[in-house]
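S.K.: Structure provided below as structure tokens; questions to follow.
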Amino acid sequence: MSIIATIMNSSTGQPIQKFTFGRMPKPWASFNLETGELVKADRVEVGKPAQGKFLAPVSVWVTPAK
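Read in order, the letters of the sequence shown are residues 1 to 66 in full-length UniProt numbering.
The following block contains the structure:
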């Protein structure tokens with residue numbers, strides 16, 4: 001089961017993009033953004049699922065160089 005996560009900018013608090021992981025991302029995961037920039041996860045947050053839903057929202061916070 002793949003995980004769809006929102007990639008968030010740690011500096012601004014704004015979402016950067018959506019990203020699909022093959023499994024739950026680890027807090028030390030490194031991956032490339034759509035821009036080609038290699039980033040490392042600062043933290044991974046898993047929220048509570050909405051009432052009556054199964055999927056929980058996942059946010060991966062990164063600090064891009066820009």
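Backbone N, C-alpha and C define an ideal beta-carbon position, used for all residues, glycine too.
Quick one: any contact between the segment 4–19 and the segment 48–65, if contact means 3 or more CB pairs under 8 Å?
M.R.: Short answer: they touch.
S.K.: Let me check understanding here. Comparing Cα to Cα, which of T35, F21 and M1 lies closest to A29?
M.R.: The option with the nearest alpha carbon to A29 is F21.
S.K.: Among F31, Q14 and M1, which has the Cα closest to the Cα of A41?
M.R.: Answer by Cα proximity: F31.
S.K.: K18 to P49, Cα distance in whole Å?
M.R.: Going from the Cα of K18 to the Cα of P49 covers about 18 Å.
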